[in-house]
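Numbering (the working numbering), first residue to last: 14 to 644. Structure, as structure tokens:
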């Protein structure tokens, strides 16, 4: 077991602990004295144990506070600290560390005064849930045998040895197992187990329609990068004139317009037509379009789009945009959208309400990516974002996040992260240029993207046509499908309809709604369920270990070369070993799945397929984008 390092010099193993806060640890008495001036304020703050702002009182433990007159004195005493497993250290601290600032300190460095933070409200819930999850992992993996994964585990352990010992063990369960539960979770059914054990490597099994999309899910923004850049590249290479139509089915938000270079000439006009089943998404998209067209500030648009809390100026710009949308919304097809907008126009949630709402949507898993930043100051920036959801300064809560009418039935979408909505290659390259601050890099990129889209809209190069709430999939009425076809789309994006429909049904729908030479695109996260060899579960009990490990090494070597971000992030990332291996296997298997999916359609041709680059600061390791057309 590796000991914790000194909180002052960061070099030598710690052997002593501050007796006042019980958190800060040192290698010797000299480091402890030298660090006191910087540590004393954090030491005092950690012992105040503020009450939660969410209306619940917390059980606090009062520790002695130093007097203000002894600022230069060293109030610490010397006593030995044993070498502890990080999880043991955390578990031992549970009785006194019961607020969000303490959790933040642990996540960042837990040994020195943290950088300034916007967090001013404390809560117990997140810390308690985080600790419960870690304890559950330890019990679960301690009691299980290693069974068939011993060889794979040893090979992978050698690769993760480069991780900082505390963070690797804190975030990562250290065993990979092929259990019945793992197999069922991987396949989604008992009936596929026989296929898993008998099918050849990369065989694609048949599948039927998946679960329907829940249009009542309350999403603040898209949680996956848009696949449309490749589609626009195709459009710009093959266009016959300067007028193009893109039809987006299940768009969630307008982010695909931020992620592409739309115009390559002064006379180009792109018409974007959006169909979305969620009333929330349609209402917010209408407001975003209004703000863009009426020259709202880029920062106001950015906050409404992605932030859980806003400036007062942003709230004013939002309210003006809502009034503008309502004044022109006369169609009965938008009646439910208008009801939601009328509720929004007079709302002004407090910052405390926004933070409470954000934390209610956040589980412990959302905090795991923090460990992927190498430096403590970088982890500090990420911690601020993951615990508050705030981008830029804020004084009020987000109306779209916090304020839904009581009559609107909705399901909260958990663990939302704006960092998941953007291409990881762009984000990490920008983070390197931002001295490792991933959140600042995201803000800078989106400011540029929003400003460019706003200029295109104001110049008339882009037209955004947002249709009434509708989900044009299998059960859609014929008039809706006729309407889609009448647009004569140059390109069409189908969102994750690939996961909701059988390949045959989706191809029939795409051919019904598209035009000659229409380029279609979509993305899938469920494709590994249908592909033999896309998960460690498939090969853990078999012999092709060399193929497996080579795929993992190749995937991460390629990722490091492509991202050039190893100066700020850990590589391989701090994930469960099984997730890392799955990512490597998916990199190898994706092509076979994409070819199988596309060629199941009559006269269909694959144009492009690729696994979304691994984003260590956001969930989702296996999303595949695919584009195709028909002869």
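Beta carbons: idealized from backbone N, C-alpha and C, even for Gly.
Label residue i either buried or exposed according to how many other C-beta atoms from any shown protein chain fall within 10 Å of its C-beta, with 16 as the threshold for buried.
i: residue 473; result: exposed
i: residue 580; result: exposed
i: residue 392; result: buried
i: residue 471; result: exposed
i: residue 603; result: buried
i: residue 4; result: This structure gives no information on residue 4, because the portion of the chain shown stretches from 14 to 644.
i: residue 133; result: With a pLDDT of only 27 at residue 133, under 50, the local geometry of the prediction cannot be trusted, and the value read off the model is given with reservation. Residue 133 should be labelled exposed.
i: residue 308; result: exposed
i: residue 406; result: exposed
i: residue 120; result: In this predicted model, residue 120 has a pLDDT of only 46, less than 50, meaning its place in the structure is not dependable; the value taken from the coordinates is given anyway. Its Cβ being crowded by 16 or more others within 10 Å, residue 120 is buried.
i: residue 501; result: exposed
i: residue 548; result: buried
i: residue 511; result: buried
i: residue 114; result: Any reading at residue 114 is ruled out, since the residue's pLDDT is 47, under 50, leaving its predicted position unreliable.
i: residue 427; result: exposed
i: residue 280; result: exposed
i: residue 312; result: buried
i: residue 334; result: buried
Which residue from the options puts its Cα closest to that of residue i?
i: residue 322; options: 508, 363, 515, 604; result: 363
i: residue 316; options: 366, 463, 355; result: 463
i: residue 620; options: 535, 515, 447; result: 535
i: residue 494; options: 501, 526, 455; result: 526
i: residue 481; options: 431, 641, 427, 290; result: 290
i: residue 479; options: 342, 257, 199, 235; result: 342
i: residue 529; options: 518, 499, 546, 237; result: 499
i: residue 445; options: 45, 644, 386, 476; result: 386
i: residue 484; options: 449, 264, 518, 630; result: 264
i: residue 338; options: 345, 328, 354; result: 354
i: residue 532; options: 592, 507, 637, 368; result: 507
i: residue 518; options: 266, 503, 486, 502; result: 486
i: residue 599; options: 546, 609, 550; result: 546
i: residue 400; options: 294, 548, 429, 607; result: 429
i: residue 637; options: 626, 582, 352; result: 626
i: residue 412; options: 367, 643, 543; result: 367
i: residue 200; options: 220, 542, 292, 356; result: 542
i: residue 611; options: 639, 287, 635; result: 639
i: residue 497; options: 314, 352, 262, 596; result: 262
i: residue 340; options: 466, 358, 325, 324; result: 358
i: residue 383; options: 232, 582, 635; result: 582
i: residue 614; options: 524, 539, 592; result: 524
i: residue 597; options: 48, 618, 623, 608; result: 623
i: residue 282; options: 488, 538, 469; result: 469
i: residue 540; options: 489, 490, 608; result: 608
i: residue 419; options: 318, 537, 352, 361; result: 352
i: residue 284; options: 460, 300, 408, 466; result: 466
i: residue 402; options: 371, 409, 448; result: 371
i: residue 416; options: 296, 42, 616; result: 296
i: residue 441; options: 630, 380, 288, 461; result: 630
i: residue 238; options: 213, 509, 448; result: 509
i: residue 592; options: 210, 305, 550; result: 550
i: residue 347; options: 312, 299, 324; result: 299
i: residue 595; options: 635, 617, 616, 628; result: 635
i: residue 431; options: 643, 205, 213, 235; result: 235
i: residue 375; options: 396, 361, 356; result: 396
i: residue 388; options: 380, 345, 49, 451; result: 451
i: residue 324; options: 644, 408, 475; result: 408
Quick test of your reading: residue i and residue j, contact by CB under 8 Å. State the CB separation rounded to the nearest angstrom.
i: residue 394; j: residue 453; result: 7 Å
i: residue 404; j: residue 456; result: 6 Å
i: residue 260; j: residue 505; result: 5 Å
i: residue 605; j: residue 257; result: Actually they are not in contact, since the Cβ atoms of residue 605 and residue 257 sit about 32 Å apart, beyond 8 Å.
i: residue 477; j: residue 302; result: 5 Å
i: residue 329; j: residue 294; result: 23 Å between Cβ atoms; not a contact.
i: residue 319; j: residue 459; result: 7 Å
Per DSSP, residue i is paired with what?
i: residue 287; result: 261, 479
i: residue 638; result: 536, 623
i: residue 643; result: 617
i: residue 663; result: Here the chain comprises residues numbered 14 to 644, so residue 663 is not present and cannot be evaluated.
i: residue 217; result: 544
i: residue 282; result: 256
i: residue 356; result: Per DSSP, none; premise fails for residue 356.
i: residue 582; result: 386
i: residue 506; result: 261, 534
Is any non-hydrogen atom of the ligand FAD found closer than 7 Å to the C-beta of residue i, if you look at the structure I gave you?
i: residue 419; result: This structure simply doesn't include the ligand FAD, nor any ligand for that matter.
Practice item. May I ask you to verify whether the region 437–447 touches the region 262–271, counting CB pairs closer than 8 Å and requiring at least 3? Key: no
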